[in-house]
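Presented below is the structure to which this report refers.
Written out as C-alpha cells, the structure reads:
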C-alpha cells in the first residue's frame, strides 16, 4: 500500500465513465517540497484525477491518502490543508475581487483585508481589489483565483491549468509562486499542457 | 485560526445577501410575479367580492408557491456554473451548513419579502384585516418550508440542462400539504374560526424540513458534484 506519512498518496485509482476507463490504476506520491506535473493528451483524465485528489469525486477503486490517512476519514483536516484552482476561477461576478477572496478564504480561516490585499498584490492584481469580478479580464480573474490559493495558506496546492489565459508575465509570476511554495515545503500538483518553467526538480505523471 | 460552523453560516448568508442586493432585477422578479398574478384575479372576477374572498386563500397560496419556484432554480445554479460550488464543498465546512446558509438567505430575500407584501395583495383580494396576522404567519412558515423543499430539488437538478422543469415536478407534489394547510389557515382566519390546527401542521412541516432537509440537500449536492 502506497502511503506518504506527511504528504499525498494516490494509490491505484480507477475511474470509469460509462464504458470508458478514464483512470487506469493511477498512482502517485508527493511529499513536502514536491512539485508534480500531471500531463497527457486531452481526455486522459487529468481534471478527473484532480477531482479525485480533492475528494470531490470518489474513485471506484483505489484510494487517496493525506498524511497516511484516507481522505474520506480525515475530510476536515484534509480540506483545511488543500487549495484547489479549477478550470473556472470561482469568482462571483457581482462581488469585488477583495470581497470574493474575503468570502471564500474566510470560510477556511480568519483573514484580514490587509493580508488579502497583500495576496492580490503578489498575484499582480492589486489594482483590481475593489473592482467587480465581472469587469476583470480572463487573465486578471485567473490571477485573483491564484491570490485565493495563496491566501488559503494551504500546504497542498492542486492547480488545474493555472497558466490558462495568462500572458508571459503572468506565467512567470505563477511559476515563481509555485517555486516559492515548494521551497517553503509545500506540495503542488499541477495539471498543465506545457512544460513547467520552474527551477525545481519536477516529478512527472504522464496520463495516457 | 480555523472557522466555526456558525461563523461560516453567517459569512455565507452575508455573501448571498450582498450578491442578491447587487442584482435588484433578479431579486424583484419573484415578488413582481406574486403581485401581478394576485392582482390579475380581482380584475378578472368583475368585482364579485364574495367570490373573490372565497377564492383568496387558494389564489394567494398558489401564487406564493409559483413565485418561490421561480427563484429556486437559481439557488445553486450560478455557484455550479462559476465553480464556486466546488470551492464551497472544499472549504472544510459541512455541506449541510453551507446549504442551510444559502437556503436561509434565499428565504430572507424571497419568502420574507413575499410575507411583507402579502397584506397589500390581501387587500386586493378582499381579505379582511383581522385575518392578516394568521395569513402572514402561515405564509412565513410555508415559504420557509418551500425554500427547504426547493433546496433538495435544486441540489438534485443543478447539474441538469433543463433542471428547472424537473425541479417543478419534484417540488410541486411535495408542496401539496403546504397548500392545503396554508390555504386552510387563511380561510379559517377569514371565516373567524380557530386556525390553530392548520398552523400547527404548517409548523410541524416547517420544523421537519428545517431539521432534515439540510442533510438531504447536502447529500443531493454531493451526488451532483460527482
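Chains as they are written, first to last, in the working numbering: chain D, 140 to 347; chain X, 30 to 255. Glycine included, C-beta positions come from ideal geometry on N, C-alpha and C. Since the structure is predicted, the reported quantities are computational estimates derived from the model, not experimental observations.
Residue 291(D) carries a coil assignment under DSSP once its states are collapsed to helix, strand and coil.
Between residue 222(D) and residue 155(D), the CB-CB gap reaches or exceeds 7 Å.
The beta-bridge partner set that DSSP reports for residue 200(D) consists of 153(D).
Nearest Cα to residue 222(X) within the set 160(X), 32(X), 146(X) and 72(X): 160(X).
The beta carbon of residue 335(D) is closer than 8 Å to those of 174, 176, 314, 317, 329 and 341 in its chain, skipping five residues each way along the sequence. In this chain, the beta strand (DSSP E) harbouring residue 169(D) covers 159-169. Under the 10 Å beta carbon count, residue 300(D) is surrounded by 16 or more other beta carbons and is classified as buried.
Fewer than three Cβ pairs drawn from the region 141-153 of chain X and the region 265-273 of chain D lie within less than 8 Å of each other, which leaves the two stretches out of contact.
Within the DSSP bridge table, the entry for residue 327(D) names 174(D) and 296(D) as partners. Listed in chain order, the non-local C-beta contacts of residue 218(X) below 7 Å within the same chain comprise 160, 163, 164 and 224, local neighbours out to five positions each way being set aside.
Close CB contacts of residue 304(D) within its chain, under the 6 Å cut and outside five residues either way in sequence, are with 277, 278 and 281 (chain order).
Spatial neighbours of residue 247(D) in its own chain (CB-CB distance under 7 Å, excluding positions within 5 residues in sequence) are listed in chain order as 219 and 291.
For residue 248(D), the nearest beta carbon of chain X is closer than 7 Å to its own beta carbon. An exposed status is given to residue 72(X), since fewer than 16 other beta-carbon atoms sit within 10 Å of its beta-carbon. Using a Cβ distance threshold of 7 Å, residue 185(D) and residue 346(D) count as a contacting pair. It is roughly 11 Å from the alpha-carbon of residue 326(D) to the alpha-carbon of residue 205(D).
At least 7 Å separates the CB of residue 253(X) from every CB of chain D. Interface annotation for the region 180-201 of chain D against chain X: 190, 193, 194, 195, 196 and 197, criterion Cβ-Cβ distance under 9 Å.
Residue 139(X) sits close to residue 100(X), with the two beta carbons spaced by under 7 Å. Within the region 118-139 of chain X, those residues whose Cβ lies closer than 9 Å to any Cβ of chain D are, in chain order, 118, 119, 120, 121, 122, 123 and 127.
Taking C-beta atoms as the reference points, residue 191(D) and residue 180(D) fail to come closer than 7 Å. Residue 309(D) and residue 261(D) have their C-alpha atoms roughly 11 Å apart. The three-state reading of DSSP puts residue 247(D) in coil, since its state is none of H, G, I, E or B. Under the three-state reduction of DSSP output, residue 301(D) falls in the coil class, being neither helix nor strand.
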